[in-house]
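Visitor:
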Amino acid sequence: MLIDVGRTENVVGDRVLVAVQAVNISRLSTHPVPTVPGTLIVVAGAGPKDSNGAGKSSFIAAITALLGDEQWRFASGAKAVGELLFNAELAAHGATQWASAAHGYIAGVFASPGSMDDAMTVWLRVNQDAPHLEIRWTDGVRLAAAPSEAERVSRADDVWASLPRSAGRRDVVARDLSRVLYGERVRCVSFLSTSVRSKVATNLLSQPLNEIAPERIFEAIAALTGLDAELEQEREARRDEHARRVAAEQAAERLAEFETEAGSLLASFERRDRARDRLEQARRCWRSRQARLLLAAAERDEALAAELVRLREAAAEAAGAIEAVRAEIATLRDDTMDREVAAARQALAAAQARSNRLDAERAVAENTADELRGRIAALEDAVRYADGRDLDAATREVAAAKAALGEALKAQGVADKEAADAAREREAAENGPRAAAPQLDALTAAGVPAAALLDALDLAEEARERFAAPDWPAGSAVVVSAGDMARASAALDGLPGSVLISPAGVTVVGEFEAAVTGREARVKAAEQRLNRARDAVQRAAEDVAAAEEAVALAERRLEGARAARELVTVRERVAEVRERLTELAETAETLAPAVLAAEERVAALDFRARTRNVEIEKLEARRARHERDRDEARTRAGEVAAARADLGLDRLAEDFGAPVEAAREWVLALTEAERPLTADEWWRTAERHLDDALRGVFPAGPDDEDMPEELAFLVRERNTPGAGRTARELASFERVTAALGAYLRQQEEYEAHQRRQIETQLASRRADLNAASTGAAEAARSTAVHRAQLTDAIRARLTRVAEEFGKLDLAYGGYGATLEFPTPPPPADPEHRWSWKVVPKWRRSEGQGFVPYNRRANTALMDEKAVKLVCAAAIASSGGGHLCLVLDELGRNLGKEHRREAVALFRRIGETYGITVIGALQDDMEPYAIDACGQYVKLRRSSDAMPYNEPPIVVGYDEHAERVRALSAFVTEGRE
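Here the sequence shown is numbered in this note's numbering, starting from 19 and rising by one per residue.
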């Protein structure tokens, strides 16, 4: 029958762990170890030298893997579990005698709290290679039982092979362990300060609670309550949001680059379009010139024909015509138009000057804004050093740090003086002081006459050797009178070991603080004092160094606070500059129409002025003609006939391509402003349009590499300087326009294709940008929603921990406790973890407010609160089900006088809430834990030459006798 692993879950159910067996796991013995649920189980060790090397950490780590502790990262394959396997390199004789294990087993027996009827056995196969973890299970108690270690290892493989596969044709692997065995319920939380784990969480019991930062306290609670995975998911969401935002920015950059490139092409296409318009204008002007030439010639011919008849009449009429023309010329030469042109130019100059001033002022404002924005970035970097402190708080911190530094320097001076005094004392001891010097000084100060015994004696030669060294008692003996004995004893009370000699007898004052006999003893005492003084000097120097570091940190924070205040000012200035830029832009928009209108008026007046000059030229020519007609009327008859022949009407009509009537119709179709233009003016206009067209298409002129060879030849020919240039330009005009027109027609289809390609690319890239922007926005919204949900989950979980913390504190001798956990902003860097801060607080007496954990308190209180906080986190994570709390180095940081109470508190809380607390011990904790625990397990390995442990010692009490009887056969069967 195939098992649907997707639907199989919570196989263990409400059963609890009652026995565990490790095979090829580290150097642990393969003997089954029973466990009593719902109490404190302590795991001690007896290694070759001390408790280390007995496998305590490996044993409890195996239990956490069996119970699905998520810190093993089962979703990622739990590769770190493979490190628990037996490693021959760490055993005696290394790989020369033993082989490392390629696989091993962790077997656990689970049963209901009050019965063994539904007992089941879960087997975990641990592999070096993937899959690193495989799971099988069966009903009843099924462990590897055999007389020897080797047989039990072999038997374990047989048992595994006989178990049914947990997922049909395959086995359940690490990623499904928690769901299949425990239904995603948290069954185990742990603090393992050992290298066998892939991730070591902060252990709240490994050091005094008030020395752990709020961030590390949160990390520890997160590890206990299962928030690690959710925080990692939040970080992955921020990474995805960042990646999508970067993709959108890159799409925008690519679109901008393509728009720039396409803009260059479109600009060249637009230049060609304008060139086509210019070329068409040039051709129109050229045809207008031809029409004007033909029409003028026809009119001239008619005039000459009529002139022969009117010559005599013309003489009389010419005089009147001359006067009329002169009057008209005088009228045209009136300076009214010149004044209008000057006024228009002046108005245009004023408008342009104002526009230029606005542009300059806007440029200055933009530069100012750029400079201020540059300062903002630097100030924001500096603000981070303030660590959230304002200027006043930072100033107070600097003052406090400097005061602390002064106190440290004072303490250092005191220590230096003590060291100097001790050095002088040692020097005096080595050189040997005068006999009874301290005693004589004390008696002199008290006004008691005395003399040193050695100074008062004259020794015989045979007694000199005995008193050669001034040791006690002779070295401290003084001689006083019998009446001064009482005063002398009182004066020498501060000098124990002093000897008073008087006629009344010998008196020894006090007792010795240290050895006083012999020079070496005095020197040794002086050296001990000097060593203590030097240790004090070293500690004072370390305090000074720490105080100097605190001053440096406070000064950096002060600089950050100053930068924060300056940042506010700079941002206000940026806002003012932006408002000014907006005002300048609005003013420029209102001024632009006025400048354009002034330019148009100047252009119109200039055109009118040019037209007036042409009219004046015509009138002058007419007047001259009339004068010639009057003077030469008789002689021009012959000339008229010759002139009519020279007009070449037929040639002009052929050039125009139509008769005179068509030329007349062409001229009549011109605008009012164009009709007065002469043929020469039409030619100059046509030449100007042609030059504009050539420059628009070929900016480099004849040297442009894109210009056709024929066209380049014609352009060079017509541009050759020298005599006859105008004639060459006239002769080549039509050929140049034809060649340019042919080239533009050839390019027109290519340009249309390119325009379509550009439009297609722009549409595609804009669609990509929209998709990337939409994805980035959706990722941002998704991240925000996920973060909000995670925030609620974290706060709910921490609130639950705080409630349990308060309940435990009230239930076990406290006055109430809680947790403070402000919601922090998410980090800007997607690689950084979202760091929260948790500040434990408790009442120190009834009716008082909550006091933060980092206030000074006795170590017993700190140890008690740490134990309660760990248990509260464990209870909050259990969700009401059975939970196993596994602790490495239990009580390592606890003071000796508090260890028994703390361990007993673990047991009481475990039994009250149904929590199985498993803790590994060091040697110094064992005497305290034995009396307070519910079960005692001792792992043994007496020699480094042994590759595996000896059978463990297990001492415990289980109120369910059926469970004891059901396990006894499997425990005793495996004994060697």
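All C-beta atoms in this analysis are idealised placements derived from N, C-alpha and C, irrespective of residue type, glycine included.
Residues in its own chain within less than 6 angstroms of R641 by CB, not counting five upstream and five downstream?
Guide: Indexing the sequence shown from 1 puts residue 641 at position 623. For R641, where only same-chain residues beyond five positions count, the Cβ hits under 6 angstroms are I340, V343.
Visitor: Report the rounded CA-to-CA distance for C206 versus A418, giving the unit in angstroms.
Guide: Taking the sequence shown and counting its residues from 1, one reaches residue 206 at position 188. Taking the sequence shown and counting its residues from 1, one reaches residue 418 at position 400. When rounded, the distance between both Cα atoms is 46 angstroms.
Visitor: For Y954, which beta-bridge partners are listed by DSSP?
Guide: In the sequence shown, counting from the first residue as 1, residue 954 sits at position 936. Paired residue(s): V60, V973.
Visitor: From A412 to R575, what distance separates their C-alpha atoms?
Guide: Stepping through the sequence shown from its first residue, residue 412 is reached at position 394. Stepping through the sequence shown from its first residue, residue 575 is reached at position 557. Roughly 6 angstroms separates the two Cα atoms.
Visitor: Give the DSSP-derived three-state secondary structure of G759 in the structure shown.
Guide: Walking along the sequence shown from the start, residue 759 turns up at place 741. G759 falls in the helix class under three-state DSSP.
Visitor: Does N631 pass the burial test, meaning 16 or more other C-beta atoms within 10 Å, or should it be called exposed?
Guide: Working through the sequence shown from its first residue, we reach residue 631 at position 613. N631 is exposed by the Cβ-count criterion.
Visitor: So V685 is in the beta strand (DSSP E); what residue range does that whole segment cover?
Guide: Residue 685 sits at position 667 when you count from the first residue of the sequence shown. Unbroken run through V685 is the alpha helix (DSSP H), 678-686; no beta strand (DSSP E).
Visitor: Restricting to Cα atoms, I'd like to know which of R763, E769, A797, L729 is closest to S750.
Guide: Reading the sequence shown from its first residue, position 732 is the one you call residue 750. Answer by Cα proximity: L729.
Visitor: Within 10 Å of its beta-carbon, does R262 have 16 or more other beta-carbons around it, so buried, or fewer, so exposed?
Guide: Within the sequence shown, residue 262 is the residue found at index 244, counting from 1. Burial call: buried.
Visitor: DSSP three-state label for I394, please.
Guide: By 1-based counting over the sequence shown, the position of residue 394 is 376. If DSSP states are grouped into helix, strand and coil, I394 belongs with the helices.
Visitor: Would the beta-carbon of V30 fall within 8 angstroms of that of P55?
Guide: Counting from 1 along the sequence shown, the entry for residue 30 is found at position 12. Counting from 1 along the sequence shown, the entry for residue 55 is found at position 37. Result no, Cβ atoms of V30 and P55 do not sit closer than 8 angstroms.
Visitor: When DSSP labels each residue in this structure, what does D906 get in the three-state scheme?
Guide: Translated into positions along the sequence shown, residue 906 becomes position 888. It is coil, neither helix nor strand.
Visitor: For a minimum of 4 consecutive residues, which ranges assigned as the alpha helix (DSSP H) are wholly contained in the stretch 702-750?
Guide: 727-736, all fully within the stretch 702-750.
Visitor: So L667 and D377 are in contact, right, with Cβ under 8 angstroms, and what is the actual spacing, rounded?
Guide: Sequence index remark: in the sequence shown, residue 667 carries index 649 (1-based). Sequence index remark: in the sequence shown, residue 377 carries index 359 (1-based). No, L667 and D377 are not in contact; Cβ-Cβ is about 58 angstroms, not under 8 angstroms.
Visitor: So what's R862 in DSSP terms, helix, strand or just coil?
Guide: Position 844 of the sequence shown holds residue 862. Coil, per DSSP.
Visitor: Once DSSP output is grouped into helix, strand and coil, what is the label at G122?
Guide: Residue numbering aside, residue 122 sits at position 104 when the sequence shown is read from its first letter. It is a strand residue.
Visitor: If we call anything under 8 angstroms between Cβ atoms a contact, is R547 one with A440?
Guide: Here residue 547 refers to the residue found at position 529 when the sequence shown is read from its first residue. Here residue 440 refers to the residue found at position 422 when the sequence shown is read from its first residue. Closer than 8 angstroms, so yes.
Visitor: On the DSSP bridge assignment, give the partners of C206 in chain order.
Guide: Here the question's residue 206 lines up with position 188 in the sequence shown. C902, per the DSSP bridge assignment.
Visitor: Measuring straight from C-alpha to C-alpha, what distance separates E594 and A368?
Guide: In the sequence shown, counting from the first residue as 1, residue 594 sits at position 576. In the sequence shown, counting from the first residue as 1, residue 368 sits at position 350. Using only the alpha carbons, I get a separation of about 29 angstroms.
Visitor: In the DSSP assignment, find the beta strand (DSSP E) that holds E849 and state where it starts and stops.
Guide: On the sequence shown, position 831 is the one that residue 849 refers to. Taken as a continuous stretch (DSSP letters only), E849 belongs to no beta strand (DSSP E), as it is neither H nor E.
Visitor: How long is the line joining the alpha carbons of A532 and P521, rounded to whole angstroms?
Guide: Position 514 of the sequence shown holds residue 532. Position 503 of the sequence shown holds residue 521. In this prediction, A532 has a pLDDT of 47, which is less than 50 and means its spatial position is unreliable; what the coordinates show is noted afterwards. So the alpha carbons of these two residues sit roughly 29 angstroms apart.
Visitor: Is A814 buried or exposed, if buried means 16 or more other CB atoms sit within 10 Å of its CB?
Guide: Counting from one through the sequence shown, the residue named residue 814 turns up at place 796. Burial call: exposed.
Visitor: Would you kindly work out how many angstroms separate the C-alpha atoms of S863 and E919, rounded to a whole number?
Guide: Numbered from its first residue, the sequence shown carries residue 863 at position 845. Numbered from its first residue, the sequence shown carries residue 919 at position 901. Using only the alpha carbons, I get a separation of about 20 angstroms.
Visitor: Excluding the five sequence neighbours on either side, which residues of its own chain have a C-beta within less than 8 angstroms of the C-beta of L46, listed in chain order?
Guide: The residue labelled residue 46 in the question sits at position 28 within the sequence shown. Once the five neighbours on either side are set aside, the close Cβ partners of L46 are A40, G73, S76, F77, A80, L957, Y966, N967.
Visitor: In this structure, does DSSP put R188 in helix, strand or coil?
Guide: Within the sequence shown, residue 188 is the residue found at index 170, counting from 1. Correct three-state label for R188: strand.
Visitor: Just list the residues that DSSP pairs M138 with in beta bridges.
Guide: Here residue 138 refers to the residue found at position 120 of the sequence shown. Note: M138 sits in a beta bridge opposite F128, D157.
Visitor: Might you give, ordered along the chain, the residues of its own chain that have their beta carbon closer than 6 angstroms to the beta carbon of E27, omitting 5 neighbours on each side?
Guide: Within the sequence shown, residue 27 is the residue found at index 9, counting from 1. Closer than 6 angstroms at the Cβ level, and outside the excluded window around E27, lie R197, V198, G201.
Visitor: Quick one, are the C-beta atoms of F92 and G100 less than 8 angstroms apart?
Guide: Taking the first residue of the sequence shown as 1, we reach residue 92 at position 74. Taking the first residue of the sequence shown as 1, we reach residue 100 at position 82. No; because the gap between Cβ atoms is not below 8 angstroms, this pair is not in contact.
Visitor: Go ahead and label I442 buried or exposed: buried means 16 or more other beta carbons lie within 10 angstroms of its beta carbon, across all protein chains shown.
Guide: On the sequence shown, residue 442 is found 424 positions in, with the first residue counted as 1. Sequence inspection shows Arg at residue 442; the Ile mentioned does not correspond to that position. Label assigned to R442: exposed.
Visitor: Do the stretch 667-684 and the stretch 599-617 touch if we need at least three Cβ pairs shorter than 8 angstroms?
Guide: Too few Cβ pairs lie closer than 8 angstroms, so no.
Visitor: If you draw a straight line from the alpha carbon of K67 to that of Q457, how long is it in whole angstroms?
Guide: Counted from its first residue, the sequence shown places residue 67 at position 49. Counted from its first residue, the sequence shown places residue 457 at position 439. Going by the C-alpha atoms only, they are around 53 angstroms apart.
Visitor: Helix, strand or coil: how does DSSP classify A470 here?
Guide: To locate residue 470, count along the sequence shown from 1; it is residue 452. Looking at A470 - three-state DSSP - the assignment turns out to be strand.
Visitor: Below 8 angstroms between beta carbons: does that hold for V140 and Y123?
Guide: On the sequence shown, position 122 is the one that residue 140 refers to. On the sequence shown, position 105 is the one that residue 123 refers to. No.
Visitor: Helix, strand or coil for R294 per DSSP?
Guide: By one-based count along the sequence shown, residue 294 stands at place 276. Three-state DSSP puts R294 in a helix.
Visitor: Is A146 helix, strand or coil by DSSP?
Guide: The residue you call residue 146 lines up with position 128 of the sequence shown. A small fix is needed here, since residue 146 is Gln in this sequence, not Ala. Looking at Q146 - three-state DSSP - the assignment turns out to be coil, as it is neither helix nor strand.
Visitor: In terms of residues, what are the limits of the alpha helix (DSSP H) holding A509?
Guide: As a first step, residue 509 must be located in the sequence shown, where it is residue number 491. Counting along the chain, the alpha helix (DSSP H) containing A509 begins and ends at 503-509.
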